[in-house]
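Peer 1: Under numbering that gives the first Met the number 0, the first residue of the sequence shown carries the number 0, and numbering increases by one thereafter.
Every residue gets a Cβ at the ideal spot worked out from N, C-alpha and C, and that includes glycine.
As the structure is a prediction and not an experimental result, all values here were calculated from the model.
This is the structure I have questions about; it appears just below.
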Amino acid sequence: MLYFLWENWIYSVFQNRPMWELLRNLTRLELLESLQIAKYDLICGNYNILLKISKELSPKIF
Numbered sequence: 000m001l002y003f004l005w006e007n008w009i010y011s012v013f014q015n016r017p018m019w020e021l022l023r024n025l026t027r028l029e030l031l032e033s034l035q036i037a038k039y040d041l042i043c044g045n046y047n048i049l050l051k052i053s054k055e056l057s058p059k060i061f
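Below, the structure written as structure tokens:
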């Protein structure tokens with residue numbers, strides 16, 4: 000029964016072009032958002048690594 004409902008829903012989405020475009024755009028937005036989060040995590044991770052290195056080196060320099 001669920002498969003039948005799912006199949007009908009997909010068929011109706013493909014028949015309704017604006018709805019399909021909306022779903023595709025939402026998928027793109029989710030992808031871009033996840034890429035931005037990954038980019039932010041990478042920047043923060045690099046910042047934390049540099050901060051640790053500078054803390055370890057600062058007593059040795061002064």
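#1: Quick one: grab the DSSP three-state call for Asn-15.
#2: Could you compute how far the alpha carbon of Ile-36 sits from the alpha carbon of Lys-59?
#3: Excluding the 5 residues flanking Glu-65 on each side, which residues of the same chain have their C-beta closer than 8 Å to its C-beta?
Peer 2: In short:
#1: In this structure, DSSP gives Asn-15 a state outside helix and strand, which the three-state scheme calls coil.
#2: The straight-line gap from Cα to Cα measures roughly 35 Å.
#3: Outside the shown range of the chain, which is 0 to 61, sits residue 65, and nothing can be said about it.
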